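A quick write-up on the structure given underneath.
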Amino acid sequence: MTLPQVPFDDRGLAYGDGVFETVLLRQGKPVLWPYHLARLTRGCRRLGIPVPGQQALDAAWQEKPQAPLEVLKLIVTRGSGGRGYALPDAPLPRLLIRRTPFVPAVKRWQEGVTVRQCRLQLGHQPLLAGIKHLNRLENVLARREWHSSEIAEGLLGDTHDQLVEATSMNVFWQQQGHIYTPRLDKCGVAGTLRDALIEKGEVHEATLPMTALPTLERLWVANSVQGVWPVTALVDQANARLKSWSLEAVDDFQLAAHRLLGYVAQ
């Protein structure tokens, strides 16, 4: 299934006025589907966009699978209409769907990754915090900061220099044997894997200054499609190494997360 032509006056195209979900399909079935539906609903309600019907959302993944693993992308925009930023009187949301075959980066599960600290700092906007809205320009600008294939992700702090997320993943760390992830009440995207791990008591929310990153016992980046990548090296904005971590023989946090995603330990 491919994206249809988007009209010139679509508000998602013009203003980022909408939300999206990126869902892992395993044998055609959506993984963590209740969490994706909950975030999509939360985002639509936060923006005042009518939530698409359950039948339309379920139909997005009920076609014959193209591959054992696929990625389903759902985009909901407010549709067309309204003058300038003013909203249409009776919005007709537009639901766009695409699904593509997917192969996870297993090598990154096994060998870990290098991440860098980004220069860009995320601004605070509590009304948008946690939801996966279409205006991702901060993440786009942050991803422009490096071109080396040796760097897998960039870590983003906010304007108070507190750790928030990676450019397209959530961040997790170990301190005194416990696993934490940043609070996302001011900015950032609350990932569905993150939500599931918090609900199951595997992870707790906390704050962490960017300057404290080299003091951590362990560090990971993760999302509901790629799974968990252990961080083995942290570099600064000039690519100077700040910290190295060794891989553990058994990564209990990765195993717990991968069980939720159906990934077999490699």
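Convert by adding 546 to the 1-based position in the sequence shown; the result is the number in the numbering used here.
Built from N, CA and C at the ideal position, the CB exists for glycine as well.
Everything numeric in this text was worked out from a predicted model, so none of it was measured.
Proximity below 9 Å, CB of residue i to CB of residue j
{"i": "Val-735", "j": "Leu-743", "result": "no"}
{"i": "Glu-751", "j": "Tyr-726", "result": "yes"}
{"i": "Trp-655", "j": "Trp-791", "result": "no"}
{"i": "Leu-641", "j": "Pro-576", "result": "no"}
{"i": "Ser-714", "j": "Arg-689", "result": "yes"}
{"i": "Ala-712", "j": "Val-796", "result": "no"}
{"i": "Arg-585", "j": "Gly-676", "result": "yes"}
{"i": "Asn-716", "j": "Val-652", "result": "no"}
{"i": "Tyr-631", "j": "Thr-738", "result": "no"}
{"i": "Ala-802", "j": "Gly-773", "result": "no"}
{"i": "Val-596", "j": "Pro-553", "result": "Here residue 596 is Pro; the residue named in the question, Val, does not match the sequence. No, they are not a contact pair."}
{"i": "Leu-603", "j": "Leu-633", "result": "no"}
Strand pairing of residue i, partner residues [DSSP]
{"i": "Asp-505", "result": "What the structure shows of the chain is the stretch from 547 to 812, and residue 505 is not part of that stretch, so it cannot be assessed."}
{"i": "Trp-719", "result": "Tyr-726 and Leu-765"}
{"i": "Leu-620", "result": "Glu-567 and Ile-643"}
{"i": "Val-531", "result": "Residue 531 lies beyond the stretch modelled for the chain, which goes from 547 to 812, so this question has no answer here."}
{"i": "Ser-770", "result": "None, per the DSSP bridge assignment."}
{"i": "Ala-712", "result": "Leu-701"}
{"i": "Gln-667", "result": "Gly-703"}
{"i": "Gly-676", "result": "Val-735"}
{"i": "Trp-862", "result": "Summary: the structure shown does not reach residue 862, with the chain confined to residues 547 through 812, and so no result is reported for it."}
Residue i to residue j span [Cα, whole Å]
{"i": "Gly-628", "j": "Asp-635", "result": "7 Å"}
{"i": "Asp-707", "j": "Ala-758", "result": "10 Å"}
{"i": "Phe-799", "j": "Gln-551", "result": "42 Å"}
{"i": "Arg-644", "j": "Arg-572", "result": "15 Å"}
{"i": "Lys-610", "j": "Glu-616", "result": "11 Å"}
{"i": "Val-781", "j": "Ala-606", "result": "40 Å"}
{"i": "Leu-578", "j": "Leu-570", "result": "8 Å"}
{"i": "Gln-600", "j": "Ser-695", "result": "40 Å"}
{"i": "Thr-705", "j": "Cys-733", "result": "10 Å"}
{"i": "Thr-568", "j": "Gly-700", "result": "20 Å"}
{"i": "Ala-698", "j": "Gln-663", "result": "12 Å"}
{"i": "Val-565", "j": "Thr-587", "result": "9 Å"}
{"i": "Leu-762", "j": "Asn-769", "result": "20 Å"}
{"i": "Gln-721", "j": "Val-686", "result": "30 Å"}
{"i": "Leu-505", "j": "Pro-760", "result": "Past the edges of the chain, shown from 547 to 812, lies residue 505, and the structure says nothing about it."}
{"i": "Gln-812", "j": "Val-649", "result": "Confidence in Gln-812 is poor, its pLDDT being 44 and thus under 50, which makes the residue's placement too unreliable to answer from."}
Sequence-distant residues of its chain with Cβ nearer than 6 Å to residue i (five each side left out)
{"i": "Leu-806", "result": "Ala-742"}
{"i": "Pro-647", "result": "Gln-612, Ala-613 and Glu-616"}
{"i": "Leu-674", "result": "none"}
{"i": "Pro-637", "result": "Arg-624 and Gly-625"}
{"i": "Gly-574", "result": "Pro-611"}
Neighbour flag for residue i against chain C, beta carbons, 9 Å
{"i": "Leu-559", "result": "The structure shown contains no chain C, having only a single protein chain."}
Neighbourhood of residue i by C-beta distance below 8 Å, restricted to the same chain and skipping five residues each side
{"i": "Glu-684", "result": "Leu-666, Leu-668, Gly-669 and Leu-702"}
{"i": "Thr-778", "result": "Glu-657, Gly-658, Val-659, Thr-660, Ser-790, Trp-791, Ser-792 and Leu-793"}
{"i": "Glu-745", "result": "none"}
Same chain, Cβ closer than 7 Å to residue i, neighbours up to 5 away in sequence not counted
{"i": "Gln-671", "result": "Cys-733"}
{"i": "Gly-808", "result": "Arg-572 and Val-577"}
Q | Three CB pairs or more closer than 8 Å across the region 755 to 771 and the region 589 to 609 | A | no
Q) Can we say the region 616 to 626 touches the region 554 to 565, given the rule of at least three CB pairs closer than 8 Å? A) yes
(Q) Can you confirm whether the region 674 to 682 touches the region 770 to 790 when touching is taken to mean that 3 or more C-beta pairs between the two stretches lie within less than 8 Å? (A) no
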